[in-house]
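Asks: Handing you this structure, nothing more for now.
In the numbering used here, the protein residues as written are 234 to 353.
As structure tokens, then:
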């Protein structure tokens, strides 16, 4: 097993990806091709970028983590729009938002650690 499997940021991102994929399946049929696909792709990319960044060196590592943060912002926005359109019940939205915030928090902590030279 790769070292990134031990990173809390990756573990939270992986859980978010699974939960976001489940939520995307619950969207109305007419939103599956756009909103559902965009949600899944953004969520999958967060875990993938954290994994890639954890095995990269120097600037490539920081670029990967920054890209993961941008994808997390994209997920938050998609979830908000889906909730506003009443595609996501409030309880599901709150649960997904909590996973997104936890993934963001742990990724920011990992990024700070890398920038300080302590690295993963």
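From the three backbone atoms N, C-alpha and C, an ideal C-beta is built for every residue, glycine too.
Are the beta-carbon atoms belonging to residue 272 and residue 250 less than 7 Å from one another?
Replies: Not closer than 7 Å, so no.
Asks: Roughly how many whole angstroms lie between the Cα atoms of residue 349 and residue 294?
Replies: Their Cα atoms are separated by approximately 13 Å.
Asks: In angstroms, rounded to a whole number, what distance separates the CA positions of residue 337 and residue 345?
Replies: Between residue 337 and residue 345, the C-alpha separation is close to 12 Å.
Asks: Can you tell me which of 264, 259, 257, 281 puts its alpha carbon nearest to the alpha carbon of residue 245?
Replies: Selected option, being the one with the closest Cα: 281.
Asks: In three-state terms, what does DSSP make of residue 289?
Replies: In the structure shown, residue 289 sits in coil (DSSP, three-state: anything other than H, G, I, E or B).
Asks: Rounded to the nearest angstrom, what separates residue 306 and residue 296 at their Cα positions?
Replies: About 15 Å.
Asks: Would you please state the rounded distance, in angstroms, between the beta carbons of residue 237 and residue 283? I believe it to be under 8 Å.
Replies: That pair is a contact at about 7 Å.
Asks: Please state whether DSSP places residue 234 in a helix, a strand or coil.
Replies: Bear in mind that the predicted position of residue 234 carries a pLDDT of just 46, short of 50, making it too unreliable to give a figure here.
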